[in-house]
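A.B. asks: My questions all concern the structure below.
Number of protein chains: 8
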Amino acid sequence: MDEASLKKLLKRVAGRHTSISDALAELKDLPFAELGFATVDTHRALRLGFPEVILGQWKTAEHCRGIAQRLAQTGLPVLVTRLQPDKAAVLTEAFPKGVWHPTARIFVVPGRRKLRSGKITVVCAGTSDLPVAEEAAITAETMGATVTRVTDVGVAGIHRLLKRRHDITSADAVVAVAGMEGALASAVGGLAPCPVIAVPTSVGYGASFEGVAALLAMLSACSSNVSVVNIDNGFGAGFQAALISRRRR
Amino acid sequence: MDEASLKKLLKRVAGRHTSISDALAELKDLPFAELGFATVDTHRALRLGFPEVILGQWKTAEHCRGIAQRLAQTGLPVLVTRLQPDKAAVLTEAFPKGVWHPTARIFVVPGRRKLRSGKITVVCAGTSDLPVAEEAAITAETMGATVTRVTDVGVAGIHRLLKRRHDITSADAVVAVAGMEGALASAVGGLAPCPVIAVPTSVGYGASFEGVAALLAMLSACSSNVSVVNIDNGFGAGFQAALISRRRR
Amino acid sequence: MDEASLKKLLKRVAGRHTSISDALAELKDLPFAELGFATVDTHRALRLGFPEVILGQWKTAEHCRGIAQRLAQTGLPVLVTRLQPDKAAVLTEAFPKGVWHPTARIFVVPGRRKLRSGKITVVCAGTSDLPVAEEAAITAETMGATVTRVTDVGVAGIHRLLKRRHDITSADAVVAVAGMEGALASAVGGLAPCPVIAVPTSVGYGASFEGVAALLAMLSACSSNVSVVNIDNGFGAGFQAALISRRRR
Amino acid sequence: MDEASLKKLLKRVAGRHTSISDALAELKDLPFAELGFATVDTHRALRLGFPEVILGQWKTAEHCRGIAQRLAQTGLPVLVTRLQPDKAAVLTEAFPKGVWHPTARIFVVPGRRKLRSGKITVVCAGTSDLPVAEEAAITAETMGATVTRVTDVGVAGIHRLLKRRHDITSADAVVAVAGMEGALASAVGGLAPCPVIAVPTSVGYGASFEGVAALLAMLSACSSNVSVVNIDNGFGAGFQAALISRRRR
Amino acid sequence: MDEASLKKLLKRVAGRHTSISDALAELKDLPFAELGFATVDTHRALRLGFPEVILGQWKTAEHCRGIAQRLAQTGLPVLVTRLQPDKAAVLTEAFPKGVWHPTARIFVVPGRRKLRSGKITVVCAGTSDLPVAEEAAITAETMGATVTRVTDVGVAGIHRLLKRRHDITSADAVVAVAGMEGALASAVGGLAPCPVIAVPTSVGYGASFEGVAALLAMLSACSSNVSVVNIDNGFGAGFQAALISRRRR
Amino acid sequence: MDEASLKKLLKRVAGRHTSISDALAELKDLPFAELGFATVDTHRALRLGFPEVILGQWKTAEHCRGIAQRLAQTGLPVLVTRLQPDKAAVLTEAFPKGVWHPTARIFVVPGRRKLRSGKITVVCAGTSDLPVAEEAAITAETMGATVTRVTDVGVAGIHRLLKRRHDITSADAVVAVAGMEGALASAVGGLAPCPVIAVPTSVGYGASFEGVAALLAMLSACSSNVSVVNIDNGFGAGFQAALISRRRR
Amino acid sequence: MDEASLKKLLKRVAGRHTSISDALAELKDLPFAELGFATVDTHRALRLGFPEVILGQWKTAEHCRGIAQRLAQTGLPVLVTRLQPDKAAVLTEAFPKGVWHPTARIFVVPGRRKLRSGKITVVCAGTSDLPVAEEAAITAETMGATVTRVTDVGVAGIHRLLKRRHDITSADAVVAVAGMEGALASAVGGLAPCPVIAVPTSVGYGASFEGVAALLAMLSACSSNVSVVNIDNGFGAGFQAALISRRRR
Amino acid sequence: MDEASLKKLLKRVAGRHTSISDALAELKDLPFAELGFATVDTHRALRLGFPEVILGQWKTAEHCRGIAQRLAQTGLPVLVTRLQPDKAAVLTEAFPKGVWHPTARIFVVPGRRKLRSGKITVVCAGTSDLPVAEEAAITAETMGATVTRVTDVGVAGIHRLLKRRHDITSADAVVAVAGMEGALASAVGGLAPCPVIAVPTSVGYGASFEGVAALLAMLSACSSNVSVVNIDNGFGAGFQAALISRRRR
C-alpha cells in the first residue's frame, strides 16, 4: 500500500464511502510490522514472563548496573550472567533484594511477581561442570521452574546415573551438562521421555579441544530427543528447558 | 523377570519349595534390567506414542523391510528415513498402507491409533533446504502434530519472513532449517515466543563447508530460545518439536 | 499503533476532526515496512537495474527454465549460474535470445534495456581459475560493465602481472581470482588505486584444501583495499565490482 | 628517476657531456622502478588522498611516533590503529593536533587538506562490536566520508534493524560489523542497494571460535552484494567503504 | 542391599515373617544397583588393586585433601595428578607418608598393601616430555610395576633409541611419550613385541598445534601394536601399561 | 653376516689366515643389521606367533596374492584386510584353505599351527559398526583368541549394554567399536576391569565428521583404562586386544 | 629491449639522429620488463637448464600437447605431471621421443642437451607412496641427477632404513616420501648430512586426514635439515633436490 | 666399543688368549651402534662443521648454561635459540666470548675455528617478521654464510621487492620470511634461480590463525623451488640455507 492508495482510503473514510470497520480491516491486514511491531520484544517478554538477561562478562560493573536498573523497571526478574565477583559486589549494593550465586556466576534481581514453570532436572557429568550446570539451574529457577540437580554422574560410572533415573524420567525437560567426551547427553537422552537440552562444557584437556569433542559428540548423539546449545551456555539451556516445561501447564 | 515370575519365586520360598540359597542365587544373578528396566525402551515408546524410526540410508531394502515389519507390530507408526526411491518401492509393496514422501525421503507406516501433538511451524531458508525441512515436517505430522510450512524465507529478504510472522508466533515449537550462513535461526529465534529447534543443512559451497558455517552460526545465535541438532537432521528436529508441542496439552 | 488507536484515527478522519493530510502524515511515519515494504526486493532490482540470478547447479532444467521465464518478465537480464551443459541446452531452446557461456557456466537471458556500469578488470592467476574468472566477467558485463580480462599472471612470475599494470590502475574496480596460495590478491591490491574483490578458487591440491589456503591468505592480505567473497564465487565478485563501478557515473 | 631527470640525462648525452657508455651504465643499473614505478605507492596516496596507516599494536610508542612523524610530512592524515592507551599518550604529546579515539583505539593526525568521500553507514550487531565498528567509522571519516552509526541492531531483534532501514538504503556503502553468528551481514545485504563490507568480530564464546563462525557465515551469506574482510578488521572495512563511496562523486 | 540383607529378607519370607507382597514391594523398589552393582566401582578397585586417582589441576587444595582422605580409607594407594606445588604442600602436611613427585606433578598416598604388576618401560623423545613420562612412570610404579625409564631418544637420533632396544623388547608393555612429530611411537612400535601405549605431548610450536601433530601421527602409526591416549595423558598411559603388565602374572 | 660367517672370520683370525687389520676392516664395515638385527621382524613374528597382515584396499588382486603367497611360507596365518569381494575371489582360488569374511572384509590364510590367546570381547554400538567390529573379531580369532561379540548396544539404550555386562567383566581385553558420538568407549571403560581398546568408526553424518567426533570423544573419555586406535582400524584393535590377552597365560 | 638496442638508441641521441623527446617517449613507454626482466623466466630456464613443467591433471590432452609443443621448442626437457594414461597416449603419439612413466604419472619430452646434477636419494616409506616417490625421482633424473631409490623403509621397521644408511649419507640431497604418520622424515633427517626435502603423501585413512598427519609431523620434525613441500608434491621435491645437488659441482 | 678395543679383541683371538666362541659371544652381543654408529651424530657435526643448537625457550638458565658448556667442548659454535633476556644474562656471564642477539633471541658461543658457507639472502615481508628473519640470518652466519638482509618488502608493494632483485638472484639460497598471507614466498620463488626456504611466521590476526594462513599459502605456492619449514622456525631455515650454500664450494 503506497501513499496514494493510503490517501485514497482515508478520503473514502472521510467521505463515508468506506465504513470504519472496513477500513480497519484493510489496514489491519496491512503488512505485519506496522501495528506496534517495534515494541514486540518488550511485549513478548511482559506477556510471557521471560526474565531479562545481561551478559556481564565483558561489561563494566557500572554498565551492568545501569542496564539492570533499566530492565528491572519492567517488573520482570533480571539475570546478569558470567559475572565476576567484584562486579557482583557493585550489583549487590545497588540491588538490596538481588541474590549473587557465585558458582553459577549469576546475579539475580527478583521480579515483582512469581513466574511459574514446570519440573526441570539438571544433570552434570563431573564437579568441574558445576558452574555451567548451576547457571542452567538458577536460570530455570528464576523462570519459575522446580529444579532437581543430579551431579557427578559421568558415563564412566553408569550406575551412578541409573540410580538417579527417576529424576530424569519424571522431569518436563532435562538439561545434560558435560565436558570431556560429552557421552552423558546420549545416555540421558536414552533414559528421558522428554526433550533433553545438552550443554557441552570446556572442561577437559588435549583432544577435548575446549569443548569441541563434547560438542561434536552431543550433536552426533543418536538419541532423537537431544538438541544442543553452545559450549558452556548454561543460561541458554536453562532458559529453553524452562520454556519447554512451562508448555505443560 | 517380570513381576509375575518374581512373585512366583517368592511363593516358592515361602512354601519352602525353593531353598533360600537357591533363591538367593537366582536373585543375585538376576540381570537387574529384568526388573522392568530392560523393557523401558519399548514401554516408553508405547506409553508416549513415539513413532519408531529406522535410518534407511545405509541399510538394504530387505533389512529395512524386516525391521519395519517387526516394529510395526507395536501398533505405533514406523518411519524409515533417508530412504532411496528404489528401496521405497520395496517398502511400498510390503506395506500397502505405507506412504512414501519422496522430497522428505521418508516412508511412513501408519500406526494403529492416531497420535496427538500440538502446532509446529517448519521454516526453511531456501528451496534447496526443502528435503530436510520436509523430513522434519513429516516426522512431526507422524507424531500427531499440525504442521505449518514456511519456505524460502531467507534472511537476505527479511520481509518475506516477517510476512509469515504469525505462523511463527502462534506455534508451540518452531523448526528453523537453513544452510549457507544459517542466519535464519537467529531471526526466527528473535520472533518466536516458543522453543526453536535449528537444523543446519549441508546446502552451500566453499566456506559453508558442508553445513559447518550454518552449524557454528546457529550455535552462536544470540537468541536464548534456540537449540541445535546435527547437520541435515530434519528427523531429530521434527521429533523434538513434536515432543515439546505435546507438552502443552 | 494498535488496532484501537488506528480505529480512533479513522473515526477522527470520518468525523472530519482530522484532515486527510494530517492522517496521511501520521500513517506515513508509521514504522517503515508498511508502505510497500514487501515488494522492496523487486523495486530495488527494477530501479537499480540489477540482473536477476538463479543458482542452477542443484536445480532441474525444468526448474531453471520455469524460474527464468518468470524472472525474465521483469525486463531485466537473467543469469543462470553454475549450469551444466545439458541443462543449458534446455534453456537455449526456451530462450532463443539467450546466450550460453560454457567456460563461465552461465546462461544469460538479455534484458529489455541495456544496463550501464563502469570499467572492471578481472585478473586471474592460472588457466585453471578461468571458469571462476569468466563467471565474474560475464556477470559484470551483463550488468553493463566494460570488462578487461588479464589471465595467467600468477605471482610466481610477477613480471607478467606488472606488464598488465595499466589495466589494473585504470579500472573502477578489480576482481582478483586465484587458487593455490592466493597471493595474487595481495599483489593486485598493492597496485590498484580502487577496491579489489578477491575470489579464492578451489584450484590446487593437498594443503590448499579446496580453496581454504587461498581464502585465508586473501583475508590476511595486508593491502587495505581488498575484500573477499566465498570460494569460487565468481558471480558475487563480478556483481559487486559492477556495483562499485556504477557508483562512478 | 622522474621524467625531468631522465630528460636531463638525455640532454647531457645529446650535448656530449655524458659518454654513451656512462649513460648506458646509468640506465642499465637503473632499477626499473625508478622509471616512475617505485614511487607509485607515494604517488597513489598523494593523488588519491588516502590516509596513511600504522598498525600500532605490536610496535613501541617510539616506533609509532617515529613512523607517524615521517608519514605526516606528506600532508596526508595519518592513522595509528589498534593502539594501547599508554602509547596514545606518547603520540598525544608528540602531535598536539592529533586526536585519540579510545573506543576505536585509533590515533589520528589530521592532514593538511580536507579529504572528501561519500556517505557511509556503519551497522553493528551488539555493543561488544563497538570497538571494531568505531575503527571502521573513524577510518572512513578520516578519509572524508560522512558516517552514520547504527548500533545494537542484531538479527535476533530484526525490527531494530528495520527501523534504521533508511540509513542503510541511502548510503553509498555499508559496513556491517558482527560477532557471534554474523547474521547481520545477510540481513543488511538484503536491504542495501549498495556494496556491503562485512566485518566478522571475535566477540562470542565457544563455537563462535573467536570470530570463525561469523567469518564463515558472512562468506556464505546469500546476498550478492556482500564481501568480507578479516576478523576484527574495522580499518580495512572503513577504508574500502570510503574508497567505494568516493567513486560516486 | 548387599548379599547379607538379601539373605535376611529371604529368611523372613521363608519364615513367614514377611508377606510375599511386602517382599515383592521391597525387591521391586530395590534400585537395581543395590544388588551389588552400585558398589562395583569400589569392589573393582579393591579386588584388582587399582589405585584411586584425583585430577588435582582445577581443584582447591582443600578439595584435594578432602577427597584424598576419603579415598585413602579404602587402603588403596591414592594418586593426585597434575598438582601444583602449593597444593602439594597442603597434602604433604595432611599425609605424612605421602610422597610428592615434582616433575611428574603427582602426589602419592601409599596404600596399605603393596600392589604387584609387571615390567614397564617408559620411553620419551626429549627432555621437555619428561613431566608426562614421569606421570606415566610414577602411576605405573604406584600400581606395583617395575619401571625402566628411557629418556631423550628422539627419532632424529635413531641410534640412541636402538642402544636401548633391550629395554623395549623385554618389557610387558611400553609407554612411548613424544611431542613435536610423535615419530617415536612408530619406531618403538616396530621394536616392541608387546603392546605400546603412545602419549602425544603438547611440546612443540607452530604446526605441532599443541600436540595435534603428534596425536595424528601416533593414530596413523603403521605399527599394529600401538594405541593412543589423550595429549599429555601420562597417567592414563601408565595406568593401562600397568594393567596390561599385570595380566602376565 | 650370520653367526656362521662371523665364526668363520674369527677362525681365520685365530688361524692367522686373516690379518687383524683385514678382519678389523671387515667387521667395521659390517652393516650392523647383519648381526641378527635385520631379521628381528621375522623372528619376532615367528617366536610370538603374530599373523602377518596385508592392507588389501589399494593393492591389485595379483599384488595381494603374490605377497600372501610369500608370507604364507612362514607357516603363520596371513590376513588380507579391507579387501573388495572381487579381489577376494582371486585369493579364494589361490588359497583353497583360505576363508573369506565378507562383513569383516578380511581374507584369512590359516597358519600351520594353532595360535593361542585369551578371552576378548568385541562390543559395538550399532549395526553399521559391524564391519569394523568383525575386522577386530576375526583378527583376534586368527591370533587364537576366543571372541565374544556384543552388538548393537549403543549408549542411548544403556540397559542393552548392562545386560551384557558379564561379557565385559570376564574378558582379558575389550574392543569397543562406535561411530557417531563414540560414547560407548566411556561406558564400557567404566564397566571393564581390563584394558579397553576403543575404535572410532566413520559411521555418522554431519558433525560426526567421518569419525572425528567419535575419535575426540574416545580420546577424551574419562575412564583410565581406555586407549584409542585410528578411525575404522578394527584390525589394530583386534591385534592389540589379542596381544594383551595372551599376556595372561 | 636488450643492452644492444639500448646502446643503439643512445647513439642515435648522441648523433642527434633521434630527438630527445622521441628518445624520452621510447624510454618512458618502455615496459620495464623489456629491460631484460620480462624474459627472465625463459632466460633463467635456458641458463640453468631447468626442465619445463605442465600440470596435466586438469588439462585436456589437446591442451597438454599444445603447451608441450610450444615449450619443447626451447630445447629443454618438458615434464607433463599427474597425467592420466589416456592423455599420455595422445602425447606418446605427438612426441615419438617422449617417455611415459606410468607409476610416476609423468610424460617426459627429452631436451636437446643432457642436463647435469648431482646425487639424489629418494626414500619412501611404503609401496603406496611409490607414485609420489617416482614423480620425484623422474623429475630429478630429467634434471640430470643420478637417483638412488630406497623403497619400503618405514620407521616401523627401522632396521630396513638403517641397512640403506649409506645411500642416505652419500647423497647431495635426499627426498623423503611418506604418508600415514610421516615419521620417515625425522629418521632420515637424523641420518643425512645433507638437506632433506620431505614429501607428505595422502596415503593413509582416518586420522591421517589425506596427508595432514604426515604434513604436520614433517613440519614438526626436530631434525634441523628437513624442509617440507605440499602433500603429494613429488615433482617439487625432486626439482628442489636436483637444484640443491647441482650446487655442488 | 671403539676401534681400539675391537683391535684388542682381535689380537687376543689371534694370540689365542680368547677362544673363538668367547669372541663370538662378545661380538654378537655387541650393540651394533658401538661399531661407530652411536657416535655418528657427533662425528657428523665435527666433520661437517655444524653448529650445535639448544632450544632455550622452555629450559632454565642453568639448564641452558650446563648443556652449552658441554657442547662447547666440541670446539664447534653453540647456538641457544628462543632465549629470554634474563637467561641470556646468565649465559653472557658464563661465556665471555658469547654474543647475545636480542632481536634474533639467539645466544652464540663462537667455535674454535671459522666455518665457511656461501651466500644467503634473508628476505622478510614486514618489520614484525624481523625476529624470525634475524634468527635465520644469525644461524646462517654462525655456519659461515655471508648473509644479505632484505627487509620490509611485502608483496603489497611489489616494487620494493623488485628493487632488491639482484640480492635474490645472486644468492646460493634464499630464506623468505612472512606472516599474514605469506605471499612473499611465491614472489621470491619466482625470482630466485636457487632453492628458497620459506618460513611462515605467526604475525597477523584473525584469519591468519597464528601462522596457518601463511603456512598453507607457502605449501601451496606454485614456484617449484620453494620448500617450507615450521611456523616461526627461523633457525631451521637459516640452517638449511647455509647447508645448501655450502654445497657450492
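Protein chains in written order, with our numbering: chain W, 4 to 252; chain E, 4 to 252; chain V, 4 to 252; chain G, 4 to 252; chain R, 4 to 252; chain D, 4 to 252; chain S, 4 to 252; chain U, 4 to 252. Heads up, the beta-carbon is just placed ideally off N, CA and C, and yes, glycines get one too.
(1) CB of T142/R to nearest heavy atom of the ligand PLP: below 7 Å?
(2) Starting from I161/V, follow the beta strand (DSSP E) in both directions and report where the run begins and ends.
(3) With a threshold of 7 Å on Cβ separation, who are the neighbours of T145/V within its own chain once the five nearest residues in sequence on each side are excluded?
(4) Can you give the beta carbon distance from G224/D to G192/D, rounded, assuming they're within the 8 Å contact cut?
(5) What residue range is occupied by the uninterrupted beta strand (DSSP E) comprising G206/U?
(6) When the Cα atoms are used, what is the spatial distance from K11/D to V153/R?
(7) Would you be able to state if there are at least three C-beta pairs under 8 Å between the region 222-237 of chain D and the region 191-205 of chain D?
(8) What residue range is occupied by the uninterrupted alpha helix (DSSP H) comprising V191/D?
(9) Quick one: what does DSSP say I234/V is sitting in, helix, strand or coil?
(10) Can you name the residues that DSSP bridges to A181/E?
(11) Name the chain V residues that come within less than 7 Å of C160/U, Cβ to Cβ?
(12) So, helix, strand or coil for H169/R, using DSSP?
(13) Can you tell which of R168/R, L218/R, S131/R has the C-alpha that lies nearest to the C-alpha of G59/U?
(14) So, at 8 Å on beta carbons, what are the nonlocal neighbours of D235/U in its own chain, with the 5 sequence-adjacent residues on each side left out?
(15) For a quick check, are the C-beta atoms of A107/U and I141/U less than 8 Å apart?
(16) Say whether chain S places a C-beta atom closer than 8 Å to the C-beta of E213/R.
(17) As a quick exercise: from W61/U, R19/U, V93/U, pick the residue whose alpha carbon is nearest that of Q72/U.
(18) Hey, would you say G129/W sits closer than 8 Å to D155/W, going by beta carbons?
(19) In the structure shown, what three-state DSSP assignment does L49/G receive?
(20) Check whether the Cβ of G18/E lies closer than 8 Å to any Cβ atom in chain D.
(21) Could you spell out where the alpha helix (DSSP H) holding L94/G opens and where it closes?
(22) Note down, in chain order, every chain G residue with its Cβ under 8 Å from the Cβ of I234/W.
(23) Using the beta-carbon of each residue, which ones in chain W are nearer than 9 Å to M183/D?
(24) Show which residues of chain G have a CB atom less than 8 Å away from the CB atom of A216/E.
(25) Quick check on the burial criterion: 16 or more other C-beta atoms within 10 angstroms. Buried or exposed for R115/U?
C.D. replies: Let's see:
(1) Of ligands this structure carries none, so the ligand PLP is not represented either.
(2) Here I161/V belongs to no beta strand (DSSP E); instead the alpha helix (DSSP H) covers 161-166.
(3) Excluding sequence neighbours, T145/V sits near P54, P80, L82, V111.
(4) Looking at the sequence provided, one finds Ala at residue 224/D rather than Gly. The Cβ separation is near 6 Å, so the contact holds.
(5) The question names Gly, yet the displayed sequence has Val at residue 206/U. Element bounds for V206/U: n/a, residue is neither H nor E.
(6) CA-to-CA, the gap between K11/D and V153/R works out to about 36 Å.
(7) Contact holds: three or more Cβ-Cβ distances are below 8 Å.
(8) V191/D -> alpha helix (DSSP H) spans 187-194.
(9) Collapsing the DSSP output to three states places I234/V in coil.
(10) Among the bridge pairs identified by DSSP, A181/E is matched with P203/E.
(11) Per the sequence shown, the amino acid found at residue 160/U is Gly instead of Cys. Neighbours of G160/U on chain V, chain order: G193.
(12) DSSP places H169/R in helix when its eight states are reduced to three.
(13) Comparing alpha carbon positions, the residue from R168/R, L218/R, S131/R closest to G59/U is S131/R.
(14) So the qualifying residues of the chain are V135, V202, P203, T204, S205, G214.
(15) The answer is yes: Cβ separation under 8 Å.
(16) Not one chain S Cβ lies under 8 Å of E213/R.
(17) Considering only alpha carbons, the answer is V93/U.
(18) Cβ atoms of G129/W and D155/W: closer than 8 Å.
(19) Here the model assigns L49/G a pLDDT of 49, short of 50, so the residue's position is not dependable, and the following value carries that caveat. DSSP places L49/G in helix when its eight states are reduced to three.
(20) So, not an interface residue.
(21) Element bounds for L94/G: 88-97.
(22) By Cβ distance, chain G contributes Y208, G209, A210.
(23) Ordered by position in chain W, the residues that pass the 9 Å Cβ test against M183/D are S189, A220, S223, A224, C225.
(24) Under the 8 Å cutoff, chain G gives A216, L219, A220, L222, S223.
(25) Exposed.
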